[in-house]
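Since the structure comes first, as structure tokens, the remarks are kept for the end.
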Amino acid sequence: HSARAALRVAQRRGAAALCSGALSDAAVLDKLASGQMAFHKLEAELGDPVRAMRLRREHLASTFGAGAHADAIRALPSDALDAAGFYGQVDGACCENVIGYVPLPVGTIGPYKIDGKAVYVPMATTEGALVASTHRGARAISASGGATTELLADGMTRAPALAMPSLKAAAELKRWLEDPASLDELNLAFKATSRFGRLLAVKVGIAGKYAHVRFKCFTGDAMGMNMVSKGVNKVVESILEKYPGTQLLGLSGNMCTDKKPSAINWIDGRGKSVAAEAILPASVVASVLKTTPAAVARLSVHKNLIGSALAGSIGGQNAHASNILTAIYLAEGQDPAQN
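Here the sequence shown is numbered in the working numbering, starting from 972 and rising by one per residue.
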């Protein structure tokens, strides 16, 4: 069955290639720019996946004109690996005991209209149809006028665990740290380690004589875990001086909380908390998503709300957001466990 299916695909691509194969690269790029050739159908149109990949990235780069974005797209490895340069960047930075690398294909969705701007989003995955289905959703949103977003909160957290001499001392520390008047003093220590970061708020959880201190910090455009850890470590040093007999058990005591589902992240947020809004007309839902708003709404209730409740999902009232985020994080060189 798979052989026959592959043959049918090859025959379809061959037929299309008879029409498109004679086109020059410039002609194909012109057709892409004018919309006469579909961005996601280049392989079928050209009958050559390597050429399709090369022209797709050139078209994408050209949409940015001259500049860093276009240069980054053209510099994305697509064939031969610069082994010396690659492993030189890895050494002492990304990975230890290196024995090789695992290639992941990188796709893109877009143009995705967000806050009036058309953007392309890279995704690295080996799951067939993930990029295609996400691209379809982006197409539906863009066809409906785009999405608007609002940044509601912005603060990365780190929560060291401290052992205090007694419960009384732990409670005293909590009152002092959560007093807004103490924030300026704490920030003096935090800012000594960073030009960009600053301490925003402190929340303390008490378990007997142990204090878990959740520091919320502004980190600018960076995720900033290293920035936050350095600043918090400096603040902890000042706490140890102020409260003799206090012991640092660990710079992360898991009330942050990092790389795991948690109610505190769901309720209080961690990092950037963003809300997005898109209104899709029934006509777009029908033409792009091949369904109706009523059917989508009904499924959303039973899948995302009721099904998630039956599963006891923490903050997971969605179809598969983690899947999409992981692919984006991998493409952008971020830690996929953070999603």
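We treat Cβ as the ideally placed atom computed from N, Cα and C, and that holds for glycine.
Outcome for residue i when other beta-carbon atoms lying within 10 angstroms are tallied against a minimum of 16
i: F1167; result: exposed
i: H1291; result: exposed
i: L1123; result: exposed
i: L989; result: Bear in mind that a pLDDT of 49 at L989, under 50, signals an unreliable position, so the number given afterwards is only what the model happens to contain. L989 should be labelled exposed.
i: Y1072; result: exposed
i: T1120; result: exposed
i: V1069; result: exposed
i: E1016; result: buried
i: A1257; result: exposed
i: G1283; result: exposed
i: F1057; result: exposed
i: L1013; result: buried
i: G1195; result: buried
i: L1052; result: exposed
Residues that residue i bridges to, as DSSP identifies them
i: F1186; result: R1129, V1173
i: P1093; result: T1079
i: Q1218; result: A1134
i: E1156; result: Per DSSP, none; premise fails for E1156.
i: A1193; result: A1193 is not bridged to any residue.
i: E1098; result: BP columns for E1098 are empty, so no partner.
i: L1122; result: V1245
i: A1178; result: Y1181
i: K1084; result: A1089
Contacting residues, own chain, Cβ-Cβ under 6 Å from residue i (five flanking each side not counted)
i: H1183; result: A1130, A1132, G1176, G1224, M1226
i: V1206; result: L1157, A1160, F1161
i: G1242; result: M1127
i: I1285; result: P1232
i: P1136; result: G1216
i: L1211; result: T1217
i: A1172; result: K1187
Neighbourhood of residue i by C-beta distance below 7 Å, restricted to the same chain and skipping five residues each side
i: S1293; result: N1310
i: A1308; result: K1230
i: T1164; result: K1201, G1202, K1205
Where the beta strand (DSSP E) through residue i begins and ends
i: G1242; result: 1242-1248
Neighbourhood of residue i by C-beta distance below 8 Å, restricted to the same chain and skipping five residues each side
i: G1179; result: L1138, A1141
i: Y1091; result: L1031, T1034, T1079, I1080, G1081, P1082, Y1083
i: N1275; result: Q1288, N1289, A1290
i: I1112; result: Y1083, K1084, A1118, A1249, L1251
i: I1295; result: M1094, L1101, T1105
i: T1262; result: V1256
i: K1002; result: L994, M1008
i: A1246; result: T1120, E1121, L1123
Bounding residues of the alpha helix (DSSP H) (the contiguous stretch that carries residue i)
i: E1016; result: 1013-1017
i: E1208; result: 1196-1213
i: V1102; result: 1101-1114
i: E1029; result: 1020-1034
i: G1278; result: It is not in any alpha helix (DSSP H) - G1278 carries neither H nor E in the DSSP assignment.
i: K1002; result: 996-1005
i: S1258; result: 1253-1259
i: L1047; result: Neither: L1047 is in no alpha helix (DSSP H) and is coded neither H nor E.
i: V1061; result: 1054-1061
i: V1073; result: Looking at the DSSP string, V1073 is not in any alpha helix (DSSP H), and its letter there is neither H nor E.
i: T1297; result: 1292-1302
i: R1269; result: 1264-1271
i: A1051; result: Run containing A1051: none; DSSP gives neither H nor E here.
i: A1234; result: 1234-1239
Contact with chain D by residue i, beta-carbon distance below 7 Å
i: H1291; result: No chain D is part of this structure, which consists of one protein chain only.
| If we count Cβ pairs, one from each stretch, closer than 8 Å, do we get three or more for the stretch 1114-1131 versus the stretch 1142-1156? | no
| query | Just checking, does the stretch 1209-1224 make contact with the stretch 1076-1090 on the three C-beta pairs under 8 Å criterion? | reply | no
| Do three or more CB pairs link the stretch 1294-1302 to the stretch 1089-1104 at distances below 8 Å? | yes
| query | Is it true that the stretch 1137-1152 meets the stretch 1251-1271, where meeting means three or more beta-carbon pairs spaced less than 8 Å apart? | reply | no
| field | Stretch pair the stretch 1250-1260 + the stretch 1190-1207: three plus CB contacts closer than 8 Å | value | no
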